[in-house]
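Colleague:
Residue numbers (full-length UniProt numbering): 1 to 654.
1) Whole angstroms are fine: how far does the CA of residue 308 sit from the CA of residue 422?
2) Measuring straight from C-alpha to C-alpha, what distance separates residue 565 and residue 544?
3) Leaving out five residues before and five after residue 457 in sequence, what residues of the same chain have Cβ atoms less than 7 angstroms from its Cβ?
4) In this structure, how does DSSP classify residue 491 when only helix, strand and coil are distinguished?
5) When the distance is taken between beta carbons, is residue 403 closer than 8 angstroms to residue 340?
6) Name the DSSP bridge partner or partners of residue 343?
7) Note down, in chain order, each residue of its chain lying with its Cβ closer than 6 angstroms to the Cβ of residue 585, except the 5 sequence neighbours on either side.
8) From 366, 416 and 348, pick the residue whose C-alpha is nearest to that of residue 383; which is it?
9) Run the CB neighbour count on residue 336, radius 10 Å, all protein chains shown included, and call it buried at 16 or more, exposed below.
10) Locate the alpha helix (DSSP H) running through residue 643, then write down its first and last residues.
11) Nearest-angstrom Cα distance between residue 622 and residue 506?
12) In terms of DSSP beta bridges, what is residue 552 paired with?
13) If you draw a straight line from the alpha carbon of residue 646 to that of residue 367, how long is it in whole angstroms?
14) Drop a sphere of 10 angstroms on the beta-carbon of residue 572, count the other beta-carbons inside from all chains shown, and report buried for 16 or more, exposed for fewer.
15) Taking buried to mean at least 16 other C-beta atoms within 10 Å of its own C-beta, is residue 198 buried or exposed?
16) Helix, strand or coil: which one does DSSP assign to residue 461?
17) Can you say whether residue 203 is buried or exposed, counting buried as having 16 or more other CB atoms within 10 angstroms of its CB?
18) Nearest by alpha-carbon distance to residue 473: which of 398, 464 and 451 is it?
19) Can residue 430 and residue 345 be called in contact, C-beta distance under 8 angstroms?
20) CA-CA distance, residue 461 and residue 562?
21) Taking Cβ to Cβ, would you say residue 333 is nearer than 8 angstroms to residue 361?
22) Write down the C-beta distance between residue 613 and residue 296 rounded to the nearest angstrom, noting that I regard them as a contact closer than 8 angstroms.
23) Give me the DSSP bridge partner(s) of residue 586.
24) Going by other Cβ atoms of all chains shown within 10 Å of its Cβ, with 16 needed for buried, is residue 396 buried or exposed?
25) Could you give the residue range of the beta strand (DSSP E) that holds residue 377?
26) In angstroms with no decimal places, state the Cα-to-Cα distance between residue 559 and residue 511.
27) Can the beta-carbon of residue 419 be found closer than 8 angstroms to that of residue 385?
28) Quick check: residue 448 and residue 476, are their CB atoms within less than 8 angstroms of each other?
29) Between residue 638 and the rest of its own chain, which residues show a CB-CB distance below 6 angstroms, the 5 nearest in sequence each way excluded?
30) Which residue comes first and which comes last in the beta strand (DSSP E) that contains residue 604?
31) Count the other CB atoms, across all protein chains shown, that sit within 10 Å of the CB of residue 194; report buried if there are 16 or more and exposed otherwise.
32) Would you mind working out which of 604, 627 and 550 sits nearest residue 590, comparing C-alpha positions?
33) Within a Cβ cutoff of 7 angstroms, which residues of the same chain sit near residue 463, ignoring the five residues on either side of it in sequence?
34) What is the DSSP secondary structure of residue 474, counted as helix, strand or coil?
35) Can you tell me where the alpha helix (DSSP H) holding residue 521 begins and where it ends?
36) Could you check whether residue 489 and residue 528 sit closer than 8 angstroms to each other, using their CB atoms as the reference points?
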């Protein structure tokens, strides 16, 4: 049966019923929405904190967005701090160790790329989701989110069983799920992983050694020298396991190789010694061969990679004073160089009556790192040679000779004293002299010089390193490196008033106007004295003659002209073997009418052979022990005085 509209009657009945059913469903949905809004706040406000999260997620997407826009923030008072028991030191150290262990585990896990605190590693395994999400289908994302059991735990009644305490945990789980979905990964049972960040361009190569140039210079490391680690592997077949950075360098980790490079400096650790080297030679007699010799190139390169050593040379006319300076640090250990020198040579004219006490004071000042290799005296001329204690094995026997320039040889106030020895393959000669005094006695001083170079009988038993360049009439030609220092007594050819006016105009370093009148400079330029010798540039005030204990020059009736009487000159067989680093005086010491004068040198050292009589580590042991005891006692007394001063301080109240 058909209707006027052309539809069958039973079809019209079904259509009417379906429209009625749809209206009923819409009405029910509206009632459910009103009930939900009423339960949430009754006025359309967003759900409170205590509202179960399942109720919030059941809202329609459009309504949820609207609610998010009108959400208000209610301020809350801060929470009360939790009172915890104070942890002991053991517990604190255990916690630090635990955090360090956790960071190590996170770094060593190959399947994780998260942070070292392990915050992302504690994700619990979850059952698989019902639907695999796709980044291009937002509907599937919503289905996957609602169907995940980790995100929601719904009760049979449709409400979440978790309260406000579970809200933070579930919110973090939802945020983690959204992060995984946005990266195109389902919230499956695996641990969350961060996406790998790749650089836009290849990284530049990184140098393994990051030691700065200044640090390498300070440690005296030769940049051209091979790395000691590779050298020892090639030569000895092993590397000392005590190196702190050997493991890092083996793993390719960027590190500062100062520990390894320091092995190539003078301040190095002991290198391993092969058994066959010990069996094939004696360290007292040595080897006559160039390879494997105690004085050879291998030992020299280990201690001095750049083949240069530091030498301190000083001269001081003590004027025979019994009283010694309280402190010699400013004299022997000036603050300008960062490191102490390898050898200290001190010459004294008109020395103090107690020569042993003077040497003890030197040992006390230099400390336990240095030993007295040799000392000699000629009347009141003293010379002491100190060397680093780990270098005494590379010295030959020490020889010395004296010359008297006085007419009466029993009076030993004027003359010369020479000490010579060989260090590795380089021969050294040190001469300290006291020439004739007097402003106009220049010729007498020339005679003193000529007599000294002819009468000094050195060397004696130690062979000459280069006899083809030696002369029997000049002792200074028989050694590789020669240092001559002392009170030469050369004066300034100018009156006192002119010299004082020049000193007032240039009080500190500009003394070039004074050197124009210097007798020694003039004679050396003519070649009449100190042939082949050089002197560093002078930038200090005249060292003679002062009032004792004062900074003023001679104020007595004689009114002696200030002069550069105390000098240090040097010469070498080979060009540029000796380089002057510093040349100055010590104005702090005022116990004499002379100021001490010192010079610092860098001297090139060459390898040698063991065909010379060796000193075999000989040094003045008694002096060493006395000096160290004095040094320790002085430090204890200083600390006790400081403690007494603190305890005896009195506060006065006015």
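Idealized CB from N, CA, C, for every residue including glycine. A quick note: this is a predicted structure, and the numbers were derived from the prediction, not measured.
Modeller: Once the coordinates are examined:
1) Between residue 422 and residue 308, the alpha-carbon positions lie close to 15 angstroms from each other.
2) Answer to the nearest angstrom: the Cα atoms are 6 angstroms apart.
3) Closer than 7 angstroms at Cβ, skipping near neighbours: 401.
4) Note: residue 491 maps to coil in three-state DSSP.
5) In this structure, residue 403 does not lie closer than 8 angstroms to residue 340 by Cβ.
6) 311 and 387.
7) Around residue 585: 540, 543, 595 and 597.
8) Put simply, of 366, 416 and 348 the residue whose alpha carbon is nearest the alpha carbon of residue 383 is 348.
9) So residue 336 counts as exposed.
10) It spans 621-647 - the alpha helix (DSSP H) in which residue 643 sits, taken as one unbroken run.
11) In this structure, the CA atom of residue 622 is about 47 angstroms from the CA atom of residue 506.
12) According to DSSP, residue 552 bridges with nothing at all.
13) The straight-line gap from Cα to Cα measures roughly 28 angstroms.
14) The residue is buried, with at least 16 neighbouring Cβ atoms inside 10 Å.
15) Answer is exposed; the Cβ neighbour count stays below 16.
16) In the structure shown, residue 461 falls within a coil segment according to DSSP collapsed to helix, strand and coil.
17) Exposed.
18) Comparing Cα-Cα distances from residue 473 to each of 398, 464 and 451, the minimum goes to 451.
19) Going by C-beta atoms, residue 430 is nearer than 8 angstroms to residue 345.
20) Note on geometry: alpha-carbon atoms of residue 461 and residue 562 lie some 43 angstroms from one another.
21) It is not a contact, given that the beta carbons lie outside the stated cut-off.
22) Residue 613 to residue 296, Cβ: 17 angstroms. No contact.
23) Beta-bridge annotation (DSSP): residue 586 is not paired with any residue.
24) Buried is the call here.
25) Looking at the DSSP string, the run of the beta strand (DSSP E) that includes residue 377 is 370-378.
26) One C-alpha to the other measures close to 20 angstroms.
27) In this structure, residue 419 places its C-beta atom within 8 angstroms of the C-beta atom of residue 385.
28) Taking the C-beta atoms as reference points, residue 476 is found no nearer than 8 angstroms to residue 448.
29) The same chain holds no residue with a CB closer than 6 angstroms to that of residue 638 once the five nearest residues on each side in sequence are set aside.
30) For residue 604, the enclosing beta strand (DSSP E) starts and ends at 597-604.
31) It is exposed - the Cβ of residue 194 has fewer than 16 other Cβ atoms within 10 Å.
32) Put simply, of 604, 627 and 550 the residue whose alpha carbon is nearest the alpha carbon of residue 590 is 550.
33) Result list for residue 463: 612, in chain order.
34) Of the three classes helix, strand and coil, the one that applies to residue 474 here is strand, per DSSP.
35) Its alpha helix (DSSP H) spans residues 519-526.
36) No Cβ-Cβ contact shorter than 8 angstroms links residue 528 with residue 489.
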